[in-house]
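Asker: So that we are looking at the same thing, I have put the structure below in structure tokens.
Number of protein chains: 2
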Amino acid sequence: MSETPHLTFDPDQAGMSKGHLVVPKGADSEPLPLPVLSFNKGEGPRLLITAGCHGNELEGPIVARRILDWLPRLQECGRVILVPVLNPPALKAWSRNSPGDGLNLNRVFPGRGDGSISERIADAVSRVLLPMVDTVFDLHSFGPRWEFAPASTTHPIADADLMSKTLRMSEAFKLPVTLVWEGPDTRGMFDTLAHSQGKIFVCLELGGGAVGTDNLAVAETGIRNALIALGIVRGKAEYPTFRQQKSSRTLKTFSSDQLKSPERGIFEPRCSVFDEVKQGDLIGILHPLDPCSSMPIDIRARTTSIVCGVKSGVPVDVNDELALLARPLHS
Amino acid sequence: MSETPHLTFDPDQAGMSKGHLVVPKGADSEPLPLPVLSFNKGEGPRLLITAGCHGNELEGPIVARRILDWLPRLQECGRVILVPVLNPPALKAWSRNSPGDGLNLNRVFPGRGDGSISERIADAVSRVLLPMVDTVFDLHSFGPRWEFAPASTTHPIADADLMSKTLRMSEAFKLPVTLVWEGPDTRGMFDTLAHSQGKIFVCLELGGGAVGTDNLAVAETGIRNALIALGIVRGKAEYPTFRQQKSSRTLKTFSSDQLKSPERGIFEPRCSVFDEVKQGDLIGILHPLDPCSSMPIDIRARTTSIVCGVKSGVPVDVNDELALLARPLHS
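This is the structure in structure tokens:
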């Protein structure tokens, strides 16, 4: 019989403490210890911050380290549980999915204690950490294949009160974009589980492409803004600077707004983040791998939209997403 | 007995023509047809442009398509042979090395006719295309793991006259950086072969990170500038705009200027391209994967330098390159 997932330390002790969440061994691996830090200043909001669910989205794991520089000093109340890397095997491999079982960790929640490594990580987080908090920030990005505007995102939530609170929390990050995202299928996602338990869950998409100083500064400012809004740390919220601008807009996007590739080929982006496009405007060009064999295909906007993200110049397969377009939530 | 590499069309015909360079079959694959375009306007410079040597550097393959929009119309004289994708299997896999044999195509020149797929590609290019030209532009980039300033680069060349001509050609791109790069080991590189035959060879490093509209525009302008300088196309050279600046500088870098990772970990960049740093300035931080187990390590500049490239926030291994620093060539 396998052991149950557990913490190696007591997160109820005052101040900063650290240790591991032990994901029990399974048929495919030895026990996996996930580093966990706890910041306890007594009564107040109870927050879980997770990062590194996908191994090629390093904005979160790095910002998680930057938080350590000021959170212990600035915390006023409440509790923060911080998991800088949810999926160490995927991070070591710089891959979105877990290299062992090939699964997307963010599609297997609430997980299974007797499952493969991704399922056991999800199970450990769901059973040990999630019950300890009221609010979750899960730090993602669009990864190296995208140019993407740093955004706080949420899927639509059936519970109107929770939706309202979640949207307000999302906007408190003051990131360049707050996005209400009607995804095609949210089964197995961490946020779906948290929302079903009545918790506020905000998914951060902290950019895309190279993880550089600019995007990291935006991300860190956003997280601090949210901690200030929760009352956990003291300070004054400020808009981060993104591409010479300090601004924020709340947008919505539907599955039908996402442009997908009609063929295999090489995608050439012809627009940038925050471009405002009209129906028929050129978003990009899909080039055949062999320019002697067939013609390029223009990829055009279907409606008046704002570009939230556009794929980098990369090889794409049929049905790969090429651009994420959105429109104002209140219009 | 295997067939020999050959073109499926006659590049001596006037105007634009196209077809394939057939890389013969070998033990590991069927024949591989590489698309080739030829632009022949008679007497004048004879230029080979290659792109897509490394499969995750898409700037070149995309700019190669953009050239098609204006080269036939603007060409005045001479000949251009264009190979948009040297290594289609690597491009399909979005990987630096060839997926079949795991080799870096740019370390196996002049190749082997009876070798693995990378060696046979190198052999076909060396035997069929290289003898047809006096000048080669090979379009690379630093790939998705780097922030990098678009640069034309050359290694030092023993032949002083060829070095002088190569540097002048490199500067004619008017890219943000012209870089003389004393690499640690240039064996098997395409430029080493071309230089040994007295040809001018410029390696373009057309950026890094996301392949977006900005960098593609810089790259396209740079290539057009070089074609203008050669007299192949008519037009007026202009500095491309890179990060709100129109400027160009000629730098040199030595192996000892490159900062490498002392440990395995997560690299956090703390500088950006074009930052001017002094000895001891912070370039980045190397975080341990487990923040509970060990401390971060500061990565600092060794001398007064200009940042040409800095690694993105990614997982790194011991001895992985973290930053490429340089200094003015003439100082």
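Residue numbers (our numbering), protein chains in the order written: chain R, 2 to 332; chain F, 2 to 332.
We put the beta carbon where it would ideally sit given N, CA and C, even for glycine.
Would you list the residues sitting across from ARG328/R in a DSSP beta bridge?
Answerer: LYS253/R, per the DSSP bridge assignment.
Asker: Using a Cβ cut-off of 8 Å, which residues of the segment 291 to 322 of chain R contact any Cβ in chain F, in chain order?
Answerer: Correct list: ASP291, PRO292, CYS293, SER294, PRO297, VAL311, SER313, GLY314, VAL315 and PRO316.
Asker: Taking the alpha carbon of ASN320/F as the point to measure from, which residue in LEU168/F, LEU72/F, GLY266/F and VAL219/F has its own alpha carbon closest?
Answerer: That would be GLY266/F, whose Cα lies nearest to the Cα of ASN320/F.
Asker: Any contact between the segment 166 to 175 of chain F and the segment 300 to 319 of chain F? By contact I mean 3 or more CB pairs, one from each, below 8 Å.
Answerer: Too few Cβ pairs lie closer than 8 Å, so no.
Asker: Going by the CB atoms, is the gap between LEU92/F and GLY53/F shorter than 8 Å?
Answerer: Yes.
Asker: Give a yes or no on whether the C-beta atoms belonging to LEU87/F and VAL81/F are separated by under 8 Å.
Answerer: Not closer than 8 Å, so no.
Asker: When the distance is taken between beta carbons, is VAL234/F closer than 8 Å to ARG225/F?
Answerer: The answer is yes: Cβ separation under 8 Å.
Asker: Taking the C-alpha atoms as reference points, what is the distance between LEU168/R and ARG97/F?
Answerer: Looking at the two C-alpha atoms, the distance is approximately 41 Å.
Asker: Give me the Cα-Cα distance between ALA324/F and GLN76/R, rounded to the nearest whole angstrom.
Answerer: Cα-Cα distance, rounded: 35 Å.
Asker: For GLY210/R and TRP147/R, which I take to be in contact (beta-carbon distance under 8 Å), what is that distance rounded to the nearest angstrom?
Answerer: Contact holds; Cβ gap of about 7 Å.
Asker: I need the straight-line Cα distance from GLU31/F to PRO25/F, nearest angstrom please.
Answerer: One C-alpha to the other measures close to 7 Å.
Asker: Between which two residues does the beta strand (DSSP E) holding ALA152/R run?
Answerer: Residues 152 to 155.
Asker: Under the DSSP definition of a beta bridge, which residues are partnered with ALA159/R?
Answerer: Partner(s): none; ALA159/R has no beta bridge.
Asker: Assuming THR29/F and SER117/F form a contact by the criterion Cβ under 8 Å, report the distance between their Cβ atoms to the nearest whole angstrom.
Answerer: Position check: residue 29/F holds Asp in this sequence, whereas Thr was assumed. With 8 Å as the limit, ASP29/F and SER117/F qualify as a contact, their Cβ atoms being about 5 Å apart.
Asker: Just the Cα atoms here: how many angstroms apart are LEU228/F and ARG121/R?
Answerer: The straight-line gap from Cα to Cα measures roughly 58 Å.
Asker: Determine the contact status of VAL212/F and ILE63/F, defining contact as a CB-CB distance below 8 Å.
Answerer: It is a contact, given that the beta carbons lie within the stated cut-off.
Asker: Output needed for PRO12/F: all residues of its chain with C-beta closer than 6 Å, excluding positions within five of it in sequence on either side, in chain order.
Answerer: Once the five neighbours on either side are set aside, the close Cβ partners of PRO12/F are SER39.
Asker: Who are the neighbours of HIS288/R on chain A, taking C-beta pairs under 9 Å?
Answerer: Absent from the structure: chain A. Protein chains present are R and F.
Asker: To the nearest angstrom, how far is the alpha carbon of ASP299/F from that of PHE10/F?
Answerer: Going by the C-alpha atoms only, they are around 56 Å apart.
Asker: Assess, as a yes-or-no matter, whether the segment 296 to 311 of chain F is touched by the segment 256 to 276 of chain F under the definition of 3 or more beta carbon pairs within less than 8 Å.
Answerer: Touching, yes.
Asker: Of the choices ASP70/R, PRO89/R, ILE68/R and ALA15/R, whose alpha-carbon is the least far from that of PRO36/R?
Answerer: Cα-wise, what sits closest to PRO36/R is PRO89/R.
Asker: Quick one: any contact between the segment 192 to 200 of chain F and the segment 269 to 288 of chain F, if contact means 3 or more CB pairs under 8 Å?
Answerer: As far as the Cβ criterion goes, the segment 192 to 200 of chain F does not touch the segment 269 to 288 of chain F, which means the pair count is below three.
Asker: Can you find the residues in the same chain that come closer than 6 Å, C-beta to C-beta, to GLY314/F, ignoring five residues on each side of it along the sequence?
Answerer: Excluding residues within five positions, the ones whose Cβ falls inside 6 Å are GLU269.
Asker: So with CB distances below 9 Å, who are the chain R contacts of SER273/F?
Answerer: Residues of chain R passing the Cβ test: GLY213, THR214 and ASP215.
Asker: What residues in its chain sit with their C-beta under 7 Å from that of THR222/R, if we drop five residues either side in the sequence?
Answerer: Cβ within range, chain order: GLU239 and PRO241.
Asker: Where does ALA28/R sit, in a helix, a strand or coil, going by DSSP?
Answerer: If DSSP states are grouped into helix, strand and coil, ALA28/R belongs with coil.
Asker: Quick check on the DSSP output: what are the complete alpha helix (DSSP H) runs of length 4 or more inside the segment 104 to 148 of chain R, in order along the chain?
Answerer: 118 to 125, all fully within the segment 104 to 148 of chain R.
Asker: Kindly indicate the opening and closing residues of the beta strand (DSSP E) around VAL203/F.
Answerer: That run of the beta strand (DSSP E) goes 201 to 206.
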